[in-house]
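Each residue of the sequence shown is one higher than the one before, starting from 823 at the first, in our numbering.
Quick reminder that beta carbons are idealized off the backbone N, C-alpha and C, glycines included.
Only a predicted model underlies this, so the values are computations on that prediction, with no experimental measurement involved.
Structure, as structure tokens:
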Amino acid sequence: MKTRTKTILSSLITAVMAVAIGLSGCGGGSKATTIIVVPGYEKGFIINASVAVVILDKEPEIIYLGDAKKSLASTDAAKNTGRSATPEALIWNYFTDRLVQEIVREVDVKDAFIAEIGHHYRITREMVNTLDESIAVEIPDIGTRFTFDGREETALVLFLDRIRLGTDTDPYFLERAQHGLSTTTGRRLIYMAAFTLWDNRENKPICYGRVKTIVPIRREEATVANWEEITKTFVRTIFEPTGFLKRQGRR
823 MKTRTKTILS SLITAVMAVA IGLSGCGGGS KATTIIVVPG YEKGFIINAS
873 VAVVILDKEP EIIYLGDAKK SLASTDAAKN TGRSATPEAL IWNYFTDRLV
923 QEIVREVDVK DAFIAEIGHH YRITREMVNT LDESIAVEIP DIGTRFTFDG
973 REETALVLFL DRIRLGTDTD PYFLERAQHG LSTTTGRRLI YMAAFTLWDN
1023 RENKPICYGR VKTIVPIRRE EATVANWEEI TKTFVRTIFE PTGFLKRQGR
1073 R
């Protein structure tokens, strides 16, 4: 689906402006999210836009310490995944389904859909540093245009890679669980991903980086409201620097 040809990205990217957003879901302040906005980009509205979500990560890391099926039992993802599906498959189906729903709810666009790219394109890798890690984010070459079957105009492409979904726990959670002690504290839902948001009209990146969002689990299992909250926060964190979020009162 993609080539990994090394190229020298235009000076438009090399002269980046790093916007470190100290947002980690509910708590904030950990600087585990870093978003780099391309110089010269100014926040603005986008009209009549569709968003293609392209998953680059073929082996996302999905770890939920607890009963994921119980946690997501009432969701459409659970109904459509099937009883024999693994917890990892259930979480993944929920993530992809809810992600496009939240993009439409939170971002001023008309449509969002999961897509694949059927042609090769050239990329470069840019390093993104957070408090926890340094990772390489893949960015298409300036001038690249993406087309999707049955879609006349796709204004934005959101690439996601290095995905981590599930729970993040304190070091004593498993020990407490093994001894039959309370396990209703210490767990948190976590979404992590490297991303690039691509302007498919101007054929250049808008922003890219590493996003980490966290929501505490206060019951035996994460509630559907917890999953909805973390997905909403994940979407808003990515799109906040763009100016594309819906204005208050518009849904």
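In the displayed model, Ser-893 falls within a helix according to three-state DSSP.
DSSP, read as helix, strand or coil, puts Tyr-916 in helix. In the three-state DSSP reduction, Thr-903 falls in the helix class (H, G or I). Judged by DSSP secondary structure, Lys-1068 falls outside any beta strand (DSSP E); it is assigned neither H nor E. In its own chain, leaving out the 5 sequence neighbours on each side, no residue places its CB closer than 6 Å to the CB of Glu-1062. With fewer than 16 neighbouring CB atoms inside 10 Å of its own CB, Asp-954 falls in the exposed class.
Segment contact: the region 885 to 900 against the region 945 to 962, fewer than three CB-CB distances shorter than 8 Å; contact not assigned. Runs of the beta strand (DSSP E) spanning 3 or more residues and lying entirely within the region 1006 to 1057 occur at 1009 to 1021 and 1026 to 1038, in chain order. Proximity of the region 966 to 976 to the region 1038 to 1048 falls short of the contact definition, fewer than three beta-carbon pairs being nearer than 8 Å.
Looking at the backbone, the Cα of Pro-1038 and that of Arg-1010 are separated by about 4 Å. Beyond the five residues adjoining it in sequence on each side, Lys-1054 comes within less than 8 Å, by CB distance, of Glu-924, Arg-927 and Glu-928 in the same chain, given in chain order.
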